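Participant: So for the sequence shown, numbering that gives the first Met the number 0 puts the first residue at 0; every next one is plus one.
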Amino acid sequence: MLIKLLREKNIAHIHATSSPALVGALMLKKLLNVTVSATIEARPALPREWIQNALPQCAGGRVRDRKLVRGGSFLVDKTTFRSASQQALG
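Written out as structure tokens, the structure is:
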């Protein structure tokens with residue numbers, strides 16, 4: 000049903016908002032030939048090695064940990080991932 004909906008809406012790109020969401024996004028990439036980008040959380044739920052192997056399949060995205068990416072179109076963004084207490088302090 001999801002695949003049918005995505006095809007009907009002509010979805011060409013999916014953004015995964017976390018490492019677990021990236022699993023599903025990469026499955027949809029294989030099924031629908033869409034592009035994928037990702038934002039990887041500060042403390043990823045999935046193993047580092049899996050994420051490192053998955054990110055090259057993405058068009059780009061944001062990560063906090065520079066070591067997760069090997070080149071590509073990823074922005075290393077430490078400010079987006081600050082905790083609520085850090086954000087309150089400015």
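The beta carbon of each residue, even a glycine, is placed where N, CA and C say it ideally should be. Keep in mind it's a predicted model, so treat the numbers as computed, not measured.
Could you spell out where the beta strand (DSSP E) holding S36 opens and where it closes?
Facilitator: Residues 34–38.
Participant: Excluding five sequence neighbours on each side, which residues of the same chain lie with their C-beta closer than 7 Å to the C-beta of Q85?
Facilitator: Caution applies to Q85, whose pLDDT of 47 falls short of 50 and renders its modelled position unreliable; the model cannot decide the point.
Participant: Quick one: Cα of V13 to Cα of A37, how far?
Facilitator: Note that residue 13 is Ile in the sequence shown here, rather than Val. Straight-line Cα distance between these residues: approximately 8 Å.
Participant: Report buried or exposed for G60, applying the criterion of at least 16 other Cβ atoms within 10 angstroms of its Cβ.
Facilitator: Buried.
Participant: Going straight from the alpha carbon of L4 to that of V33, what length do you get?
Facilitator: Near 14 Å, if we compare the C-alpha coordinates of V33 and L4.
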